[in-house]
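Just add 101 to wherever you are in the sequence shown, counting from 1, and you've got my numbering. For every residue, glycine included, the Cβ atom is placed at its ideal position computed from N, Cα and C.
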Amino acid sequence: MTADARYVAWFHELDAWTEYWDVYHPESRGRYYFGDGNSEPGLLTKLLPYRVRPPVFTAWTRMAVRSGSVDAFLNELADDEVRAALLEIDDFVGRLFEKHFGNASDAAVQRDYLEAMFRFATDTLPPATERDSRIDPSDLRKATAGRHALDNDIMWFAWGFELEAAHILARSAETQARHALLMAGVALGCAADFAWRGHRRTRPEYRPDEATRALLFERGMRWACDFNAAAGEVHALYRIREWFDE
Numbered sequence: 102m103t104a105d106a107r108y109v110a111w112f113h114e115l116d117a118w119t120e121y122w123d124v125y126h127p128e129s130r131g132r133y134y135f136g137d138g139n140s141e142p143g144l145l146t147k148l149l150p151y152r153v154r155p156p157v158f159t160a161w162t163r164m165a166v167r168s169g170s171v172d173a174f175l176n177e178l179a180d181d182e183v184r185a186a187l188l189e190i191d192d193f194v195g196r197l198f199e200k201h202f203g204n205a206s207d208a209a210v211q212r213d214y215l216e217a218m219f220r221f222a223t224d225t226l227p228p229a230t231e232r233d234s235r236i237d238p239s240d241l242r243k244a245t246a247g248r249h250a251l252d253n254d255i256m257w258f259a260w261g262f263e264l265e266a267a268h269i270l271a272r273s274a275e276t277q278a279r280h281a282l283l284m285a286g287v288a289l290g291c292a293a294d295f296a297w298r299g300h301r302r303t304r305p306e307y308r309p310d311e312a313t314r315a316l317l318f319e320r321g322m323r324w325a326c327d328f329n330a331a332a333g334e335v336h337a338l339y340r341i342r343e344w345f346d347e
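Here it is as structure tokens:
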């Protein structure tokens with residue numbers, strides 16, 4: 102399998118269990134998303150804004166912009182239903198990551214994953230033609246169904262929030278290593294998305310050129326071995342998004 106095919110398989114499977122659960126995994130009833138609107142509420146309803154804004158996500162955003170405390174975030178994480186949702190999602194993503202990439206502590210895997218995230222962030226992966234063919238033109242998802250990319254900029258920070266929360270609850274060194282790499286991918290991907298696709302402002306040194314690509318990979322490989330540094334960068338990028346300045 103080529104690198105492109107592996108990258109596409111990873112993002113396709115993530116999406117197949119979440120946004121496109123009704124197309125690929127109706128048996129899940131939207132458990133890894135926002136539910137089915139009926140008997141399955143969905144794990145993400147405890148974590149991310151949908152019809153309401155969960156307190157734990159609000160606490161993370163306030164912590165990131167330094168208007169709220171770490172203790173306030175930890176207090177929201179103490180909720181049993183929030184913790185259960187985070188751990189189930191994290192275990193699920195961990196299984197998919199191991200299937201598509203392997204050992205997050207391996208430098209070759211780290212580089213490979215960051216390449217996947219860069220391609221995803223800059224919308225340069227092969228098209229999702231099969232998925233696009235399944236989505237009705239009247240479906241709101243039609244506009245993005247044919248691409249492996251992220252168009253809603255807040256989702257970078259939603260991803261970072263989930264990782265930071267799960268990392269606090271992490272139960273093994275292996276899990277912590279995966280969190281560090283995934284958070285590095287969020288930091289690199291968010292910066293690349295904003296620099297190449299212009300969804301939001303980012304650091305002034307980031308431009309859509311080869312020098313920035315090299316810089317992001319250099320930083321990304323460091324972040325992949327240092328969760329706190331990666332999380333701190335995601336916080337900084339969120340402050341730039343909100344305030345145009347770190």
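Check: Collapsed DSSP secondary structure at arginine 184 in the structure displayed; Outcome: helix
Check: As assigned by DSSP and simplified to three states, the class of valine 124; Outcome: helix
Check: Range covered by the alpha helix (DSSP H) that runs through lysine 243; Outcome: 243–246
Check: Span of the alpha helix (DSSP H) around methionine 284; Outcome: 274–293
Check: Range of the contiguous alpha helix (DSSP H) that encloses leucine 145; Outcome: Premise fails: leucine 145 is in no alpha helix (DSSP H) and is neither H nor E.
Check: Rounded distance between the beta-carbons of phenylalanine 262 and tryptophan 161, thought under 8 Å; Outcome: 4 Å
Check: Proximity below 8 Å, CB of cysteine 291 to CB of tryptophan 324; Outcome: no
Check: CB contact flag (histidine 336, alanine 229, <8 Å); Outcome: no
Check: Simplified DSSP state of proline 156, which is helix, strand or coil; Outcome: helix
Check: Cβ neighbours of alanine 271 in the same chain (closer than 7 Å, five flanking residues each side left out); Outcome: Gln277, His280
Check: Phenylalanine 202 classed as buried or exposed, judged by whether at least 16 other C-beta atoms fall within 10 angstroms; Outcome: buried
Check: Neighbour-count burial assignment, glycine 136, 16 or more Cβ in a 10 Å radius; Outcome: buried
Check: Residues near alanine 250 by beta carbon distance below 7 Å, same chain, minus five either side; Outcome: Phe221, Asp224
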